[in-house]
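Presented below is the structure to which this report refers.
Protein chains: 2
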Amino acid sequence: MNAGRLHLVAVPIAAAPAGTRTAFDAATVAAALPPPALALLRATHYFLVEEARSARAFLKAAGHPGPIAELRIVEIGHAPDPAALDGWLAPLQAQAGRTAIDAVVLSEAGCPGIADPGATLVARAHELGLAVQPWVGPSALLLALMGAGLNGQQFRFHGYLPQEREALRARLGQLQADAQRGETQLFIETPYRNERLFEALLQQLDPALRLCVAVDLTGAQQQLQTRRIGAWRGLPAAQRPRLDRLPAVFLVQGDAAARP
Amino acid sequence: MNAGRLHLVAVPIAAAPAGTRTAFDAATVAAALPPPALALLRATHYFLVEEARSARAFLKAAGHPGPIAELRIVEIGHAPDPAALDGWLAPLQAQAGRTAIDAVVLSEAGCPGIADPGATLVARAHELGLAVQPWVGPSALLLALMGAGLNGQQFRFHGYLPQEREALRARLGQLQADAQRGETQLFIETPYRNERLFEALLQQLDPALRLCVAVDLTGAQQQLQTRRIGAWRGLPAAQRPRLDRLPAVFLVQGDAAARP
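This is the structure in structure tokens:
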């Protein structure tokens with residue numbers, strides 16, 4: 000009686016092309032994942048997912064032999080219910096009289112458990128002694144960090160910053176102090192508030208600080224540029240990145256640290 | 000006259016199997032990268048690499064049509080010389096009378112620029128207005144974070160901790176305070192010092208803190224477990240992870256934060 004494994008597979012992160020509701024087509028998915036992750040997806044029949052509809056579209060685009068409608072796809076939502084974790088993991092547990100199965104965790108985009116649901120499920124799997132298997136795949140945070148040219152030896156991810164103006168100002172002051180000591184600071188915003196956050200960064204941060212704006216990475220509208228705040232301020236409006244309603248990662252860092 | 004692009008491609012992170020000097024074989028490389036990253040490698044003739052010998056072995060395993068010996072492979076080393084950056088990037092710049100070419104940056108393992116050289120090169124590329132393109136690939140930090148089941152909404156990577164006993168103790172005290180506030184703390188150690196660091200963590204950290212040890216991810220000797228410090232302490236020696244001379248990521252976090 001072998002127990003099943005809890006696999007963590009990333010979902011493509013590109014924004015949906017204009018006029019469509021999903022970014023998932025076969026070419027996009029085949030280009031986003033190493034072949035073993037695709038093979039795993041196609042061989043799996045139990046999925047714990049952030050959102051069932053997008054998971055079905057993803058699995059179809061990933062070439063799952065299906066039928067997709069007959070797969071066991073359980074929606075864990077944006078904030079999985081702690082009381083439900085054991086039930087979701089029960090099919091993975093070795094038990095007399097039946098075969099344990101593997102499960103794949105999927106978020107709507109990117110890596111489960113990183114700025115996305117999945118971590119409590121993984122934590123519970125560890126407590127239950129189940130094997131956990133993360134798979135290589137797209138992460139906007141990682142790609143942004145690699146592409147920013149900022150310090151990748153020391154960095155800190157903050158998730159979302161406060162929305163309220165004074166709280167945001169105070170938080171940016173703290174981030175700036177750590178950034179000036181050489182630690183890269185990463186944060187994200189809800190896409191329709193990106194422009195507002197970008198303006199706040201230009202207004203409040205030190206002109207010498209480097210700011211990387213990483214927009215729609217891997218997607219058709221990808222933009223990836225690092226400039227000092229002063230240079231961003233001086234840029235003609237037409238050359239500014241298009242941020243509205245696109246997924247973006249913001250990164251800031253000063254010059255203090257060695258950045259080999 | 001189009002300028003060339005600076006591409007960032009990850010190299011497999013698995014430890015070399017016992018008795019060999021490199022982990023690179025064709026199957027490992029083909030399994031580690033999405034097909035477009037492999038295609039890019041095979042079509043590129045200019046590489047800026049941490050270490051030339053391992054880069055050649057990697058490119059051969061990646062199926063580069065070569066001849067490998069005739070590729071332009073420039074060693075940038077562990078701490079690239081700032082004075083050399085412009086020369087290395089010169090072939091990418093648009094100039095009358097010759098065609099600009101693309102370059103791929105490679106570290107010895109994992110993602111260039113993340114706990115590895117490459118960031119200063121990328122920073123200079125941004126200053127010169129060159130396009131930078133990060134590609135999906137293996138990162139021990141990202142896989143460890145995904146697989147740990149700890150907070151993936153707020154996390155901080157510290158690189159290497161101090162070696163000196165008292166400095167390490169002080170640093171662990173700081174890390175623990177942030178971890179107890181719910182932020183995941185990630186750090187690494189030189190592989191032959193992993194055991195010593197693991198012992199220090201068990202001795203000094205709060206028994207309620209969660210510690211994930213992520214060893215040789217994607218490799219034959221992969222181990223990935225999260226337990227509370229108290230549970231790690233109580234584990235029979237035979238069940239402890241084998242850490243010696245294997246690449247490992249350590250992650251700690253308390254229970255404060257929501258971890259959806």
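Note that the protein sequences, when read in sequence, are chains A and B.
Each residue of the first sequence is one higher than the last, beginning at 0 in numbering that gives the first Met the number 0.
Each residue of the second sequence is one higher than the last, beginning at 0 in numbering that gives the first Met the number 0.
Note that the Cβ used here is the ideal one computed from N, Cα and C, for glycine as well.
(Q) Could you check whether B/V251 and B/I187 sit closer than 8 Å to each other, using their CB atoms as the reference points? (A) no
Q) If we cut at 8 Å on Cβ distances, does A/G151 have a partner in chain B? A) yes
(Q) Pairs of beta-carbons, one from the region 7 to 14 of chain B and one from the region 67 to 83 of chain B, closer than 8 Å: are there three or more? (A) no
Q: Give every residue of the same chain whose Cβ lies closer than 8 Å to the Cβ of A/I100, excluding the five residues on either side of it in the sequence, and list them in chain order.
A: G3, H44, Y45, P90, L91
Q: Below 8 Å on the Cβ atoms is my guess for B/G253 versus B/G181; work out the distance and round it to an integer in Å.
A: 6 Å
Q: Report yes if the CB atom of B/N193 is closer than 8 Å to the CB atom of B/L140, and no otherwise.
A: no
(Q) Distance check for B/P133 and B/P35, CA to CA, integer angstroms please. (A) 12 Å
(Q) Against A/V251, what residues of chain B qualify as contacts under a CB-to-CB distance less than 9 Å, listed in chain order? (A) Result: empty, since nearest Cβ-Cβ is about 13 Å, beyond 9 Å.
Q) Which value, in whole angstroms, describes the spacing of the CA atoms of A/A257 and A/N1? A) Annotation note: pLDDT 48 at A/A257 (below 50); position unreliable, coordinate value reported separately. Using only the alpha carbons, I get a separation of about 48 Å.
Q | Proximity of B/V8 and B/L40 at Cβ, strictly below 8 Å | A | yes
Q | Interface partners of A/A95 on chain B, CB under 8 Å | A | Ordered by position in chain B, no residue passes the 8 Å Cβ test against A/A95, which lies about 24 Å from the chain.
Q. DSSP three-state call for B/F23: helix, strand or coil?
A. coil
Q) In chain order, what residues of the same chain have a beta carbon less than 6 Å from the beta carbon of A/L142, not counting five sequence neighbours either side? A) L216
Q. Would the region 205 to 219 of chain A and the region 166 to 180 of chain A be scored as touching if the rule is three or more Cβ pairs under 8 Å?
A. yes
Q: List the residues of chain A whose Cβ lies closer than 7 Å to the Cβ of B/V10, in chain order.
A: Going along chain A, no residue has its Cβ under 7 Å from B/V10, so there is no contact; the nearest lies around 12 Å.
Q | Among B/Q153, B/L200, B/R155, B/R170, nearest to B/P161 - alpha-carbon criterion | A | B/R170
Q: With DSSP as the reference, label B/E225 as helix, strand or coil.
A: A small correction: the amino acid at residue 225 of chain B is Thr; Glu does not occupy that position in the sequence shown. Strand at B/T225.
Q | Burial state of A/L185, where buried means 16 or more other Cβ atoms lie within 10 Å | A | buried
Q) Rounded to a whole number of angstroms, what is the C-alpha to C-alpha distance between A/P235 and A/E198? A) 14 Å
Q) Who pairs with B/F197 in a beta bridge, going by DSSP? A) According to DSSP, B/F197 bridges with nothing at all.
Q) So, helix, strand or coil for A/A257, using DSSP? A) Residue placement at A/A257 is poorly supported in this model, since its pLDDT is 48, which falls under 50; the coordinates still yield a value, given next. A/A257: coil per DSSP, three-state reduction.
(Q) Quick check: B/L245 and B/P190, are their CB atoms within less than 8 Å of each other? (A) yes
Q: For B/F154, count neighbouring C-beta atoms within 10 Å of its own C-beta (all shown protein chains included) and say buried if the count is 16 or more, exposed if not.
A: buried
Q | chain A contact residues for B/F23, given Cβ-Cβ distances below 7 Å | A | Within chain A, no residue comes near B/F23; the closest Cβ sits about 15 Å away, beyond 7 Å.
Q | Candidates B/Q220, B/L200, B/V214, B/A219: closest to B/W231 by CA position | A | B/L200
Q) Under the DSSP definition of a beta bridge, which residues are partnered with B/T119? A) Its beta-bridge partners do not exist; DSSP assigns none.
Q | Buried/exposed call for B/E69, threshold 16 Cβ in 10 Å | A | exposed
Q. For a contact meaning CB atoms closer than 9 Å, what does A/S53 contact in chain B?
A. Correct list: empty, because the minimum Cβ distance to chain B is about 17 Å.
Q: Let me know the secondary structure DSSP gives B/R241 once reduced to three states.
A: coil
Q. Can you tell me the Cα-Cα spacing of B/I67 and B/V73, whole angstroms?
A. 13 Å
Q. Going by C-alpha distance, which of B/L129, B/I228, B/E163, B/G62 is nearest B/A93?
A. B/L129
Q) Should B/H6 and A/T225 be called a contact, given that it needs their Cβ atoms to be closer than 8 Å? A) no
Q.
On the CB-based measure, 16 or more other CB atoms within 10 Å of its CB, does B/G218 come out buried or exposed?
A. buried
Q: Could you work out which residues of chain A lie near B/T225, taking near to mean beta carbons separated by less than 7 Å?
A: A122, H125
Q.
Please confirm whether A/V135 has its beta-carbon closer than 8 Å to some beta-carbon of chain B.
A. yes
Q) Does B/V228 come within less than 8 Å of chain A when only Cβ atoms are used? A) Checking the displayed sequence, the identity of residue 228 of chain B turns out to be Ile instead of Val. Not closer than 8 Å to any Cβ of chain A, the Cβ of B/I228 fails to qualify, so no.
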